[in-house]
Each structure stands twice: as C-alpha cells, then as structure tokens.
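Asker: One structure, as structure tokens, below. Some questions next.
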Amino acid sequence: LEPALADVGPGGLAVLPLPAGGRVAGACLIGWDAPHDFGPDERALLTASAGLAGQALMRAHAFDAEHELVGMLQRQLLPRRLPKLPGAVAVARYLPSTAGLELGGDWYDVIPLPDHHVALVIGDVQGHSAGAATLMGQMRTALRAYAVEGHPPDVVVSHANRLLTGMETDLFATCVYVDLDMEEGSAWCVRAGHLPPVLRHPDGSTEIAEVEGGPPLGVVTQADFPMSPLRLRPGTLIALTTDGLVETPESDIDEGMDRLAHALAVSAPGHLGLVADALLGNARRNDDVALLLVRYDGMALRPLRESWSVWRLPEAVRHARRFTRRTLRSWSVPDDTVDGVLLIVSELVTNALVHTDGKVRLDLTLISGRLRVAVADASPRTPVKPTSIGWEATGGRGILLVEAMSATWGTLPVSGGKQVWSEIPVAGT
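Written out as structure tokens, the structure is:
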C-alpha cells in the first residue's frame, strides 16, 4: 500500500478491504485533505460500499477469466493454418462477436482427402456461449473424422446429425459440406440448414448456388441430406460464410447474400486475402463471422488412373496382374518396374481375397513419377506387419514383401471398409 499512501492527503484516511466469496479481492483507500472523524453511519456506509465493490470486482475477474479461457479454447478448436491444396488456394477468416463473451459457434475447415479430393466445411452452432464454442469443436472434429473415414458427403453430414441429436444439449448447428474433386473440378454439396455457397466464375459473373437443403443438425434424427452437384472451371471462386456476414437488423439474409455476390463480382480473385479482408470490412460484430474462400485453379498435371473390379474367381489374381501389366505398358512404365509392381499387386489382391469378404477393387494411379497401387476391400481390419516369422510359417510374409518393394505403403479407411496402398517410384514418367 505504500505507493498508494504517498498520494493520500494529510487528513483522514480510510483503508477498506474488499471482501468477496470469503476472501479479500482487493483494497480501497479514501483520503481527506483535512482532519476527518468517521461517525457510525459513515463507517457503515463505507463498509457496505466496500462489500459491494468487492463482489463487483470478483465478478469482473471471473468474467475476464472465462472470456480468456473460452477465447483460447475457440482459437485452439479452429484450424491454425489451412493446408496447401493441389490446384487451389484457400483462405479463411474468423471474427468474434463484440457482444457478451465475444465468442460463438462459427467454424470452418479444409480437409484433404485421398485421390486429390478436398472437403470444404463451414458451420454455425446456435448461441454465443462457452457451450456453443465447445459444441463447435465437437462438431468440427466429428465431421473431420467421418470425412477421413471415406464416407460420401451425405453420409458424413448424416452421421454428424445423429451424433448431435444423441448429445444432451438443446443447441443445434447448421453447416455446408462440399467435397471437391481437384482433378475434375466437380463437387458434391450438402447443406444442413445453412447458407448456400456463392460462386464467382472466371468471367466475373456470380451466382448463389442452387443447393438442396436438409434441416439443421441436431433437430431430426433420421433426416435426409441430399447431395447437389457443383461444377467449377479453373478460376472459379467459391465462398462459404455464416449469417453474421450477410444478416443485419436493416436487411434480411437474401439481401445480404446479394450484396456478397456483388462484392465478389467486383473483387480481384488473384488476391484472396485482400478479398476476404474487404468482405469482412463491413461485417456487423454483434454476431461472430466465419468466411472460407477457395479459388479453384485446376491441377497443372492430372494423374493417370485405371480401376479393376476383382471378381472372386480362381483366376482372380492372374486377371488382376494381366490388367496391371496392360495398364502399365500403356503408360510406358519401364519393364523392370513392372515386375515389382506385379508382385505387389499379387500380394495385396491375394490378402484381400483370402482375409476379407465382399467386393475388392484395384486402383492404379500414376503422377509425377510415382505409381500408386491401392486395393480396397470390405473389411475395416488393417493388415498387421509381423515382427518375426519362423522358417516353417506358411504365411505372413506378404506385407513384409510389400514393404520391401515399396517406397512407402499404408492403409486408410474408406466407405465400407479399408484401402491398402503402395507407392513405387517410376523413372522416366
């Protein structure tokens, strides 16, 4: 207290502890320039005022702590950075609300998927509270998990909906999920009670995509979420946003969407960061805002692809090898590489036929001097690489052989099962 006492006048002095919740939250010093006598009424007034000030100070500290904690939580739940995409550029922005705790349930995500697909997601959890921010993190994680499992867009959103309806919460969420094929420029879009995407075409024209919609997530357990096709030419810009950007007290959402489309039409899509900043410049701040912009440029080098459905016949492996040899020769793959690839195909197809039931598919992909062999089956069980094999063992060497012949290999979940893949460098392609 010594620094504070230095400025107190030479007269009377009142030192008041500020009690709150059974402990002292601070202290208040009141000084008079002239001698001062404290009567009983004044003492009672000062004591009561100190009690009220202590409680107010404690509430302010609690509010600041909650605000800091939830803000940190929300920052951790949103992507720290967006992935680099082959044939596209993505930028995102998030602005918290200036009302209340300055937090909410808006989120965005960009999820790389196999075969040069990418999932674009934006969503909004009802409300502006710690509960909304927490649920936002759960929904983002759920959608990402279902996406990387290989499910189609309608199944991804349907799974997330059933998950939310099973939670003990009264909150609901809206979202848009777009599965974009970077090779073809085609996409499938699913909308769950959310704003549709806005497209800016290479000629500068814009359109609000006509996307069929389902209900918000967490409202109807067995809801349908239809998929709508989108077509993106190189140079097309796709914008996904939340209602905080387009809805104001003076205008409705439709007018706001028209303003967004016009702003995109007059923008320079070559500088996505500047476009995003300009769009957010006039955003109202009594609601949080999420914005995801993706410019599809098209892949400079498109991969070569061929697929083969493996029938469960005695000659299935031989037919798969014949298909592989014919395909690799059409791609001008050197003969010394072909022999090793045929061995990998034999092992992967044999494992799928012996250890699983259902359909088996062989996919071959060649791009940038890398050949990818992938065999998909209906079993979720991943192959286990043995640590040691006795000389008398009759099996277990297949995965070790695939590992030895591959530059890299692995497994990934796909819709209805798994995929085991191997990559082999190919010279001269």
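Residue 277 in this note's numbering sits at position 290 of the sequence shown, and the numbers go up by one each step.
For each residue, glycine too, the CB sits at the ideal point set by N, CA and C.
1) Taking C-alpha atoms, which residue in L351, V347 and G356 lies nearest to D364?
2) Per DSSP, D323 forms a beta bridge with which residues?
3) Comparing C-alpha positions only, which one of L167, R178 and I240 sits nearest to P221?
4) Can you give the Cα-Cα distance for V341 and S333, rounded to whole angstroms?
5) Look at R357 and E410 and say whether their C-beta atoms are less than 8 Å apart.
6) For T311, does the count of other Cβ atoms within 10 angstroms reach 16, so buried, or fall short, so exposed?
7) Please name the residue or residues paired with P4 in a DSSP beta bridge.
8) Counting pairs of Cβ atoms below 8 Å between the region 38 to 57 and the region 241 to 252, do you hit three or more?
9) Please go through the same chain and pick out, in chain order, the residues whose beta-carbon is closer than 7 Å to the beta-carbon of L288, but skip the five residues on each side of it.
10) By the three-class DSSP mapping on this structure, what secondary structure does L399 have?
11) Return the first residue and the last residue of the beta strand (DSSP E) that V108 is part of.
12) How many angstroms separate the CA atom of S192 from the CA atom of P412?
13) Could you give the distance in angstroms between the alpha-carbon of V428 and the alpha-carbon of G285?
14) If you follow the alpha helix (DSSP H) that S145 is in, where does it begin and where does it stop?
15) If I measure Cβ to Cβ from L251 and keep anything under 7 Å in the same chain, skipping five residues before and after, which residues do I get?
16) Give the straight-line distance between the Cα atoms of V11 and T34, rounded to the nearest whole angstrom.
17) To the nearest angstrom, report how far apart L69 and I98 are at their CA atoms.
18) Would you decide whether V163 is buried or exposed? Buried here means 16 or more other CB atoms lie within 10 Å of its CB.
19) Ends of the alpha helix (DSSP H) at T128?
20) So T337 and S366 are in contact, right, with Cβ under 8 Å, and what is the actual spacing, rounded?
21) Could you round the C-beta distance between Y95 and A277 to whole angstroms and report it? I think they count as a contact, below 8 Å.
22) If you follow the beta strand (DSSP E) that L158 is in, where does it begin and where does it stop?
23) Measure from the alpha carbon of M392 to the alpha carbon of each residue in R359, G415 and S402, then state which is nearest.
Answerer: If we stick to the structure as given:
1) V347
2) D323 pairs with nothing; no bridge assigned.
3) L167
4) 12 Å
5) yes
6) buried
7) A14
8) no
9) I354 and S355
10) strand
11) H104 to V112
12) 43 Å
13) The requested residue 428 does not occur in the structure, where the chain is confined to residues -12 to 416.
14) P140 to T152
15) V185, R187, T193, L224 and A226
16) 13 Å
17) 9 Å
18) buried
19) A117 to V135
20) About 14 Å separates the two Cβ atoms, so there is no contact after all.
21) 5 Å
22) First-last for L158: undefined, no H or E at that position.
23) R359
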